[in-house]
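So the sequence shown is residues -33 to -1, 1 to 232, counted in mature numbering (1 follows the signal peptide of the UniProt record, and there is no 0). Notes follow the structure.
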Amino acid sequence: MTNTTTAKHRARAAALALGVAMAASSASTSAAAQTIPAQESRTMTTQSTAPAADTLSAQQQAILPIAAFAAAGDIAKLNAALNQGLDAGLTISDAREVLVQLYAYAGFPRSLNALTELMKVLDARKQRGIQDAPGREPSHAIPQGDALRAAGTANQTKLVGQPVAGPIFEFAPAIGEYLQAHLFGAIFERDNLDWQSRELATVAMLSALPGAEGQLQGHVGYSMNTGLTAKQMQQAVQVLSERVGADSGRRASEALAKVLAARAR
């Protein structure tokens, strides 16, 4: 496959992940900027640069049902998933970060409802004598204003593997600003949850939302850009199928198949 064809395929995947079906990246994007360096791809986390294993940790697995049930608004199942996740070693901060991030994919109402449920779960566990580890706060102050958008743009480019552009961002420039400032800036600058965990959470959220298959496919690819392996993503699909439901697992499986097929060309 030629460099031009490869660039078009990756631009299309990036656009799909941001809700721009079949949009191509801007013609001015250089070919060198459109392929994430292999070594950088293997080490792109905010907490660890160790080579990825072939299995997800218990904490990573626990994030998947929490994120999926929160996105679906299934509070009863979210309650159980939160308890299981905390028992598996997630800190309060880990769970809270996932549920804050939810607002970018499923909206503020479900994020607020999920955070309220986490508070109830923690209170009930405390009454039973369980002291959950608090976790940690971000290691640095989050930038503001223009500096925040610049940081978000850099994070977005690193995660996607190329600068993101397309007709939708010319038609509605505000959506690009919100993505860069809020999602990839204000959220992804919070390094108390690593990028692999954030992307696993995103994959789980999108797998629970019918009609978000394009974005799901994009974020499966971004998950692998953080260093998660094909075997780990296959395990994520299995966890979603077994612990969330057949529909969620099917959507994630189809997205992974498309990503792996594209990368094999």
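Beta carbons: idealized from backbone N, C-alpha and C, even for Gly. Since we're looking at a predicted model, the values are computed, not measured.
Using a C-beta cut-off of 8 Å, the region 93 to 111 makes no contact with the region 121 to 141, since fewer than three inter-stretch Cβ pairs fall below that distance. For D61, the enclosing alpha helix (DSSP H) stretches over residues 59 to 68. Boundaries of the alpha helix (DSSP H) harbouring E166: 162 to 174, taken from the DSSP string. Nearest neighbour of L126 by Cα position, chosen from G40, I59, D161, turns out to be D161. In the three-state scheme derived from DSSP, where H, G and I count as helix and E and B as strand, G52 is classed as helix. In this structure the region 130 to 150 does not lie against the region 158 to 175, because fewer than three pairs of beta carbons, one per stretch, are closer than 8 Å.
With a cutoff of 7 Å on beta-carbon distance, A219 and S164 are scored as not near each other.
Contact annotation: V211 and A35 have beta-carbon atoms nearer than 7 Å.
With fewer than 16 neighbouring CB atoms inside 10 Å of its own CB, M86 falls in the exposed class.
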